[in-house]
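Residue numbers (my numbering): 179 to 392. Glycine residues also receive a C-beta, built at the ideal position from the N, C-alpha and C atoms. Let me begin by presenting the structure, written as structure tokens, before commenting on it.
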Amino acid sequence: MKTILLNGSPKGNVQSSGSYFLAKAFASGMKEPCEIRSVYKEDRWELLQYVSQFERIIFFTPNYIHLIPARTLDFLYALPKGSEGQSLGFIIQSGYPESAESEIAGRFFKRFASRLQYGYLGTVVKGECAGLAIIPEKFGKLEKKFAEFGALYEERGFFDETYVRDFAKPYTISKPMALLLNMTNPIGNILGWHKIMKANGAYDNRRDRPYLRL
């Protein structure tokens with residue numbers, strides 16, 4: 179069962195990529211070495227030809243408000259029809275805590291695999307991953323879980339539903355939690371996003387709306 183992991187993050191295979199973090203954790207649980215290739219940083223056609231020799235192709239991708247990165251989506255559309263024994267799997271990570279935010283993408287992936295006549299390994303949706311790129315050392319527990327998940331996948335040949343359901347929690351956030359988040363959001367902006375914007379010289383442009391039609 180030859181498996182390849184594809185990182186769909188625009189950042190590529192770097193430590194600041196949350197998708198790469200999860201892909202590495204997943205692969206660390208497998209006994210057989212597993213390659214992690216970058217959709218964004220490699221030649222598209224060469225990578226398409228290369229992945230065709232693998233039986234299992236697993237995509238790790240961020241979700242930006244119901245939308246995965248454009249080049250990753252373009253790569254998916256360029257995949258040829260699956261041959262006998264080939265399967266696709268998908269792991270979506272996002273900064274939002276609730277997995278409902280990625281539900282549309284999850285449904286699309288399942289139908290997409292079917293239309294291209296691939297087997298379907300499953301789709302994992304994991305929220306609360308915004309900090310992976312900033313403070314990865316704080317996500318040791320998640321890293322361990324993904325290593326366990328990778329080990330079970332290698333053993334069984336598909337995504338374990340117990341882990342899939344666990345990663346998807348919470349599906350939505352409660353009203354009290356939403357109220358609390360709205361109250362603390364200004365503090366989070368000052369301590370988090372404002373600091374990042376200032377470090378990158380973007381703070382003065384934070385309210386720009388370049389695509390607004392005047």
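1. Just the C-alpha distance for L225 and I182, rounded to the nearest angstrom, thanks.
2. Scan the stretch 289–349 and note each continuous alpha helix (DSSP H) run of 4 residues or more that stays entirely inside, going in chain order.
3. Counting C-beta neighbours from all protein chains within 10 Å, is the total for L357 16 or more, i.e. buried, or is it exposed?
4. Comparing alpha-carbon positions, which option in A308, I365, F290 and Y389 lies nearest S194?
5. Given that a residue counts as buried once 16 or more other Cβ atoms are within 10 Å of its Cβ, and exposed if not, what is E279?
6. Could you say which of V217, T239 and M179 lies nearest to P211 if we only look at CA atoms?
7. Just how far apart, CA to CA, sit K202 and G260?
8. Could you tell me the boundaries of the alpha helix (DSSP H) in which I243 lies?
9. Do Y218 and P188 have their beta-carbon atoms positioned less than 8 Å apart in this structure?
10. Going by C-alpha distance, which of G273, A380, L294 and Q231 is nearest A256?
11. To the nearest angstrom, how far is it from the Cα of T362 to the Cα of G335?
12. Considering only the alpha carbon of each residue, which of G273, P275, G267 and R249 lies closest to F286?
13. Compare the Cα-Cα distances from L251 to each of F290, E281, N367 and R215 and report the closest residue.
14. If you run the structure through DSSP and keep just helix, strand and coil, what is L357?
15. Hey, could you find the ends of the beta strand (DSSP E) G190 is sitting in?
16. Consult DSSP for I351 and reduce its assignment to one of helix, strand or coil.
17. Take N185 as the anchor and find which of F204, R215 and S206 has the nearest alpha-carbon.
18. Could you check which residue in R234, K209 and E220 has the C-alpha nearest to that of Y298?
19. With DSSP collapsed to three states, give me the class of L183.
20. Go ahead and pull the three-state DSSP assignment for Q271.
Answer, in terms of the structure:
1. 11 Å
2. 318–334 and 339–345
3. exposed
4. A308
5. buried
6. M179
7. 25 Å
8. Careful: I243 lies outside any alpha helix (DSSP H) and carries neither H nor E.
9. Taking C-beta atoms as the reference points, P188 and Y218 count as a pair closer than 8 Å.
10. With distances taken between CA atoms, A256 lies nearest to L294 out of G273, A380, L294 and Q231.
11. 43 Å
12. G267
13. F290
14. helix
15. No beta strand (DSSP E) holds G190; DSSP gives it neither H nor E.
16. In the three-state scheme derived from DSSP, where H, G and I count as helix and E and B as strand, I351 is classed as coil.
17. R215
18. R234
19. strand
20. strand
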